[in-house]
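*Asks:*
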Amino acid sequence: MLKYIIRRLLYLIPVLLGVSFIIFVLFNLVSGDPTAVLLGKNATAKQMMELREQLGLNKPLFDQYLDVVKSAFTFDFGRSWATKQEISHMIIQGAYPSMALTVPAFVISTVLSLIVALVVAFYRGKGIDLFVRFLCIAGVSISALAYILFFQYFFAYKLGWFEISGFEFGFPDFVPYIALPAIIFILLSLGPDVRFFRTVILDEIYQDYVRTARAKGLGEIVVLLKHVLRNALIPIITYVVIQIPTLILGALLLENFFSIPGLGGITLNALNSSDFPVIKAMAILSSVLYIILSLVTDVLYTFADPRVKLK
Amino acid sequence: MKGLVVFLSIMLTLVFGCSKQNDFTEREINLVSPEKISGFDPINASDKYSGNEAGKVYEGLFEFHPLKRPYVLVPNLAESMPEVSKDGLTYTFKIKKGVLFHDSPAFKDGIGREMKADDVLYSYKRLADPKLTAKGWWVLDDKIAGLNEWREKFAQADTTNYDEPIEGLKKVDDYTIQIKLKKPYPQFLYALAMPYTFIVAKEAVDHFGKEFLNHPVGTGAFILPLFDQSNMIVYNRNPKFREKFYPSEGEEGDEKKGLLSDAGKKLPLVDKINVYITVESQPKWLSFMRAKTDIIEIKDVNIQQTLDEKTELRAEHKEKGMRLFMLPMLDVAYFAFNYENPIFKNIKVRRAINLAYDRDEANRLFHENTAFIAQGPVPPGLAGNRKDFKNPYSKLDIEQAKKLLAEAGYPEGKGLPDITIQTRNETVARQQIEFFAKCMEKIGIKIKVGMNTWPELVNKVTKKQHQMYTMAWGADYPDAENFLGLLYCPNQSPGSNGANYCNPEFDALFERATIMQDSPERTALYEKLNEMAALEVPWVYGFNRTDIYLTQSWLKNFKVMEFNHNQFQYLNVDLEVKKQLSKKF
C-alpha cells in the first residue's frame, strides 16, 4: 500500500504542472492586463506600464510560467496583487471560518442523510418513502438564495433566535454566528444526499447476498446496517470525500450573506480584481486537495471492502 | 446518552443564548463597511471605504469642515492655511506642534513621538516611491518640481533613496515645509486632504516592512494596533489625541438641527468604533433594523424599504426615531459612446440616442425618483454646473430622435448595426441596459447587453474594444476639473476618458481652466466646458444620484459627507435616547 500511496502522491507532479499551465494560459489569454483594475480609476498608461514591470508581466512568457510552477511546488504564493497581504496568511485566516461553518454542517448533514436514506430504504415504496422523496425534490428545486433570504429574515431577524450576520474567531464564540448558516447548509445538502444514498442502498438491497441474509433469518435492521450499508460504503465514501475540498474552499453564498470571512469571499474578490497570485494559489490548493483526498478515498476503500487491494 | 444530552444543551445555549445586541450603555458607534478592507496603507486607500478606515487612524494636513457646505477646506495637521506665492507655485505650510503618533513598538520604548516636517515630506515622497506603485500617485504626478525626476531616477534602482533632495519638497524647520509646484495646481490643497497624503511615520514603515499595511500608526483620533482582515474592525479612542475640538459654527440651520450641541467639546466624542464588514444588502438592512448598527447607507433594494411614495421616510421607521439624510451626490452615471467607432462620430446619432432615453421612467424604476437627471458631466453643487442650464438632449423626444436618426442616414434605425453596451455582471446593471434597449427600440436601434466581470470591462474599455459602456464617476474632490477631465483628449483610454472624446477646442479651454485658481473667470470657463460637453453628447447622460443614509435617533452630529474621511471623530451618541429607544428594537 505504501508504494501505491507514494506513486499516487507522485501524480501530483504532472497534475500541478498541468494546473499551472492551464491557469497561466487562462490568465494570460482571457483576463488580459490586470494593471488597470489594480491601479483604480485614475490609472495612467505610464503607471500601468510601471506596474506591469513590477509584477513581472513584461518578462518572457516562459519565465512567467516558470514562476507559476515554482510557486505551485514551493507553496510560496507571495503577496496578493490587490490587497498586498501575504497569501498564505489570507488562506489560513479564511480557511478557519470556512471550515468552522462547513465541517460541522457537512458531518451532520452526511450522518443525517445516511440515517434518513436507510429509513426510507427500509420503508421503500411506502408513504414515508414517497413523502421524503417529495421533500428531497422540493428541497433541491428551491434556490439556495431563497433559503438564505428567508431563514435570515425569519429566524434571525423576526424571531431573533440567531445572529443576523458576523463571525468571531475561537470556539465557542463563533457558534452563534455559524448556527443558522450551518442549518441552511444541512437543509441544502439533505435533498441531493438522501436521494443519492437511497439509490446506492437500494442498489444493494436487491443483491443475492441480501436475500441470502434474509433467508438465514436475519432481521431487516441487521441486514440493512450490517450487510447493505457496509457494501454501499464504497460509492458513499467516494461521494463524501470528494466534497471535502469544497468545504475548505468555503460556501460562497452563505459566507457572503452571513458575513463570514471565509475563503469563498477571498476567491471571489480575487476574481473581481484580477488578483492572479490569489487565483493561482486557490486553484493549486484545490488541485492538491483533490489529489490527496482521492488517495484517502482509495485507502478508505480497503477498510470498507477487504477485497480491495491497492497495488 | 447523558453526555450527549449535556453536549446538546450546551450547544443550544451557545446558539440561542448569545445573540448579541447593540450595547445601549457604551459610548460607541457601530458602522458597516460594504466592502472588504484590504489594508491600512494610506497611499493605496483609493476607494471611499478604505479611505474611511484610514481616516480613523491617519490624518492629513487638511480636512473638509464637517458641517459647512459647499465643502470648505480647513487646516487639520496644518496650523493654518498655507502661504501661497504670487505666481501660485510655492506653498509654505506651518505644521501643528505637539501632535503625537500612536504608541507603537516601532518607536523607541514603544512611545509615539511628535510628528514633524520630516514626516510630511517622507509621506509625500513615499506616495511617489516607484517601488510602491501607489494607487494615489496620480494626485502628485507631474505636480511637484523634481518629484517625477526623483521617481524616474529610482525606478530601475534596487532601493529608493529618501534622503536625496527634491527641489519642490523642502523642510524650512521642524514645523514648516515648503512645496514648489511645476505649474499652478489649484486642486493641490484638496490632494492634501485625501487619504493618499495622510502622514505616516518612517519608523513604522521600516519596522513593519511589508506588514505595515496591517499595523496602522498614525496621529488620528482612533487607534487600531493590529488589522487582522477579519469581518470586524474595532477602534479605540486615542488617549493621546491632541487638543482638537468640535466646531462652533456650521451652515445655516445646523444649530436648529442640533449639530452644534457639542460645540467646543474635545474630540473624539466616542470611545469606540466597531466596523462590521457586510457585503450583502439584506444582512446590512436587518442589522440596522435590529439596532446593531447606527448608520446605514441606503442603496438599490433598500431604497424602497426606506422611502414611501412621497420619497419620505416610511412611518414605521419614524416611529423608531430613525432619521433620514438625503444629499445629491457629486457623481454622474452615464453610458459612454466610443468615438473610435465611426457610428458614434456622427453627432446626430449620439443626440438621437440621448433623446430616446426615458430618464424619468429610469429614475422611477432604478432610483425610486431620488436621482436627478444629469444635464452634463459636471454634477449640481459644483462650480461649473449652472442651475438654470437644461441640456436639450437630456429630455425624452422620440419624434426629434427619429428625425435626427434619419438625417444621420439611419431612418428608423435601418442600416445601423446592433450596439452592444458593456457593463458589469450585476443584476441592476443588466436591468438598466435592458430598459435602455427598450427605449431605443422605439427609434429602431437594437441594443445588446455585454456582461463582464470588472476586470473584463476595464480591459475592454482600456483597449478601446467597446462600442458603449456604462460608468459612474464619483468626485475625488469638489472641483469640476475632476469631471471635465473625463473628456480631456490626453486622458483617453487607457486613461479615464473611455469615450475617447477628442475636441481641440474643449482641450484648450480645459488646459486654461485647470491652472486657474477658483474665481468667477474659472467658473465661467467650467460652465462653458460643461455646456459644450452637454451639447456634444459624448455620453448618454444618466443621473446624478443621491446619497441616502438612515441613522438611529441616538446618533448625533451626522451629516452626509463625501470627502471627509475623518468625520467619525465628530460623531456622538446620546446615551439617554439610546437607552429609552432600545425597547423598541
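So the protein sequences, as listed, match chains A and B.
Each residue of the first sequence is one higher than the one before, counting from 567 in the numbering used here.
Each residue of the second sequence is one higher than the one before, counting from 214 in the numbering used here.
Here a beta-carbon is modelled for each residue, glycine too, at the ideal position from N, C-alpha and C.
How many angstroms separate the CA atom of F590/A from the CA atom of L632/A?
*Replies:* Here residue 590/A refers to the residue found at position 24 when the first sequence is read from its first residue. Here residue 632/A refers to the residue found at position 66 when the first sequence is read from its first residue. If I take the Cα positions, the gap works out to 10 Å.
*Asks:* I want to verify the contact list: residues of chain B whose CB lies under 8 Å from the CB of Y723/A, in sequence order.
*Replies:* By 1-based counting over the first sequence, the position of residue 723/A is 157. Simply L499, M502 and R503.
*Asks:* Which of the three DSSP states is assigned to Q588/B in this structure?
*Replies:* Here residue 588/B refers to the residue found at position 375 when the second sequence is read from its first residue. It is coil, neither helix nor strand.
*Asks:* Report the residue from I516/B, D419/B and P733/B whose alpha carbon sits nearest the alpha carbon of P318/B.
*Replies:* Indexing the second sequence from 1 puts residue 318/B at position 105. Measuring from the Cα of P318/B, the nearest candidate turns out to be D419/B.
*Asks:* Between the alpha carbons of K479/B and P378/B, how many angstroms are there, rounded?
*Replies:* If you number the second sequence from 1, residue 479/B lands on position 266. If you number the second sequence from 1, residue 378/B lands on position 165. The alpha-carbon atoms of K479/B and P378/B are separated by roughly 39 Å.
*Asks:* For the beta strand (DSSP E) that N487/B lies in, which residues bound it at each end?
*Replies:* The sequence position of residue 487/B within the second sequence is 274, counting from 1. Looking at the DSSP string, the run of the beta strand (DSSP E) that includes N487/B is K485 to I490.
*Asks:* Cβ atoms of L699/B and S709/B: under 7 Å apart, would you say?
*Replies:* As a first step, residue 709/B is located in the second sequence; it is residue number 496 there, counting from the start. As a first step, residue 699/B is located in the second sequence; it is residue number 486 there, counting from the start. In contact: S709/B and L699/B (Cβ atoms closer than 7 Å).
*Asks:* Tell me whether the beta-carbon of L582/A lies closer than 7 Å to the beta-carbon of A661/A.
*Replies:* What you label residue 582/A is simply residue 16 of the first sequence in a count that begins at 1. What you label residue 661/A is simply residue 95 of the first sequence in a count that begins at 1. Their beta carbons are not under 7 Å apart, which means L582/A does not touch A661/A by this criterion.
*Asks:* Would you give the residue range spanned by the beta strand (DSSP E) that L763/B belongs to?
*Replies:* If you number the second sequence from 1, residue 763/B lands on position 550. T759 to T764 is the extent of the beta strand (DSSP E) around L763/B.
*Asks:* Under 6 Å: does the beta carbon of P751/B sit that close to some heavy atom of the ligand ZN?
*Replies:* Because no ligand of any kind appears in the structure shown, any question about the ligand ZN cannot be addressed here.
*Asks:* Considering just the uninterrupted stretch of the alpha helix (DSSP H) at I392/B, what are its terminal residues?
*Replies:* Locating residue 392/B in the second sequence gives position 179, counting from the first residue. No alpha helix (DSSP H) holds I392/B; the beta strand (DSSP E) holding it covers T389 to K393.
*Asks:* Below 8 Å on C-beta distance, what does G268/B contact in chain A?
*Replies:* To locate residue 268/B, count along the second sequence from 1; it is residue 55. By Cβ distance, chain A contributes nothing, its closest Cβ being about 17 Å from G268/B, past 8 Å.
*Asks:* Please say whether V591/B and N743/B have beta carbons closer to each other than 7 Å?
*Replies:* Locating residue 743/B in the second sequence gives position 530, counting from the first residue. Locating residue 591/B in the second sequence gives position 378, counting from the first residue. Yes. Within cutoff.
*Asks:* Whole angstroms is fine: what's the gap from L722/B's alpha carbon to N624/A's?
*Replies:* Translated into the one-based positions of the second sequence, residue 722/B becomes position 509. Translated into the one-based positions of the first sequence, residue 624/A becomes position 58. L722/B and N624/A: Cα-Cα distance of roughly 38 Å.
*Asks:* On the criterion of 16 or more Cβ atoms from any shown chain inside 10 Å, does S707/A qualify as buried, or is it exposed?
*Replies:* If you number the first sequence from 1, residue 707/A lands on position 141. S707/A should be labelled exposed.
*Asks:* Decide yes or no for the touch test of the stretch 493-508 of chain B against the stretch 258-266 of chain B: beta carbon pairs closer than 8 Å, at least 3 of them.
*Replies:* no
*Asks:* Counting C-beta neighbours from all protein chains within 10 Å, is the total for N374/B 16 or more, i.e. buried, or is it exposed?
*Replies:* In the second sequence, residue 374/B corresponds to position 161, counting from 1. N374/B comes out exposed.
*Asks:* Is S707/A close to chain B? Criterion is C-beta to C-beta, closer than 7 Å.
*Replies:* If you number the first sequence from 1, residue 707/A lands on position 141. Chain B contact via Cβ: absent.
*Asks:* By how many angstroms is the C-alpha of R536/B removed from the C-alpha of F440/B?
*Replies:* Sequence index remark: in the second sequence, residue 440/B carries index 227 (1-based). Sequence index remark: in the second sequence, residue 536/B carries index 323 (1-based). Straight across, the Cα-Cα distance linking F440/B with R536/B is about 32 Å.
*Asks:* Return the first residue and the last residue of the alpha helix (DSSP H) that P801/A is part of.
*Replies:* For the purposes of this step, residue 801/A is identified with residue 235 of the first sequence, where counting begins at 1. Per DSSP, the continuous alpha helix (DSSP H) segment holding P801/A begins and ends at L795 to V807.
*Asks:* For a contact meaning CB atoms closer than 8 Å, what does Q941/A contact in chain B?
*Replies:* Within the shown structure, residues of chain A are numbered from 567 to 877, placing residue 941/A beyond reach of any answer.
*Asks:* Is K625/A close to chain B, meaning its C-beta is less than 7 Å from at least one C-beta of that chain?
*Replies:* Taking the first residue of the first sequence as position 1, residue 625/A is located at position 59. It does not: the Cβ of K625/A has no partner Cβ on chain B nearer than 7 Å.
*Asks:* Residues in its own chain within less than 7 Å of L578/A by CB, not counting five upstream and five downstream?
*Replies:* Taking the first residue of the first sequence as 1, we reach residue 578/A at position 12. Cβ within range, chain order: V854 and I857.
*Asks:* How many angstroms separate the CA atom of I703/A from the CA atom of F823/A?
*Replies:* Position 137 of the first sequence, counted from the first residue, corresponds to residue 703/A. Position 257 of the first sequence, counted from the first residue, corresponds to residue 823/A. So the alpha carbons of these two residues sit roughly 25 Å apart.
*Asks:* Can you find the residues in the same chain that come closer than 7 Å, C-beta to C-beta, to K772/B, ignoring five residues on each side of it along the sequence?
*Replies:* On the second sequence, residue 772/B is found 559 positions in, with the first residue counted as 1. Closer than 7 Å at Cβ, skipping near neighbours: P279, L280 and L472.
*Asks:* Measuring CB atoms only, is the stretch 651-665 of chain A touching the stretch 745-763 of chain A, in the sense that at least three cross pairs come out at less than 8 Å?
*Replies:* Two segments are said to touch when three or more pairs of C-beta atoms, one from each, lie closer than 8 Å; by this definition the stretch 651-665 of chain A does not touch the stretch 745-763 of chain A.
*Asks:* Might you give, ordered along the chain, the residues of its own chain that have their beta carbon closer than 7 Å to the beta carbon of K655/B, omitting 5 neighbours on each side?
*Replies:* Reading the second sequence from its first residue, position 442 is the one you call residue 655/B. Excluding positions up to five away in sequence, the list reads A569 and I611.
*Asks:* Leaving aside the five residues before and after S706/B along the sequence, list all residues of the same chain whose C-beta is less than 8 Å from its C-beta, in chain order.
*Replies:* Within the second sequence, residue 706/B is the residue found at index 493, counting from 1. Excluding residues within five positions, the ones whose Cβ falls inside 8 Å are V674, T675, K676, K677 and N713.
*Asks:* Where do the ends of the alpha helix (DSSP H) carrying Q495/B lie?
*Replies:* Indexing the second sequence from 1 puts residue 495/B at position 282. Its alpha helix (DSSP H) spans residues S494 to M502.
*Asks:* Using a Cβ-Cβ cut-off of 7 Å, state whether G252/B counts as contacting chain A.
*Replies:* One-based indexing of the second sequence puts residue 252/B at position 39. Yes, its Cβ sits closer than 7 Å to a Cβ of chain A.
*Asks:* Report the residues of the stretch 706-730 of chain B with a CB closer than 8 Å to any CB of chain A, ordered along the chain.
*Replies:* Under the 8 Å Cβ criterion, the stretch 706-730 of chain B contributes P707, G708 and S709.
*Asks:* Report the neighbours of Y489/B on chain A: residues whose CB is nearer than 9 Å to its CB, in chain order.
*Replies:* In the second sequence, residue 489/B corresponds to position 276, counting from 1. By Cβ distance, chain A contributes S731, G732 and S825.
*Asks:* Mind checking which residues open and close the alpha helix (DSSP H) that includes E821/A?
*Replies:* Counting from 1 along the first sequence, the entry for residue 821/A is found at position 255. Here the alpha helix (DSSP H) through E821/A covers L818 to F823.
*Asks:* Between N608/A and chain B, is there a C-beta pair that is closer than 7 Å?
*Replies:* As a first step, residue 608/A is located in the first sequence; it is residue number 42 there, counting from the start. Yes - at least one Cβ of chain B is within 7 Å of the one on N608/A.
*Asks:* Alpha carbons only, please: which of I390/B, I658/B, E669/B and K792/B is nearest the one belonging to P624/B?
*Replies:* Along the second sequence, read from residue 1 onward, the residue named residue 624/B stands at position 411. Closest by alpha carbon: I658/B.
*Asks:* With distances taken from CA atoms, which of M567/A, M614/A and M848/A is nearest F641/A?
*Replies:* Here residue 641/A refers to the residue found at position 75 of the first sequence. Among M567/A, M614/A and M848/A, the Cα nearest to that of F641/A is on M848/A.
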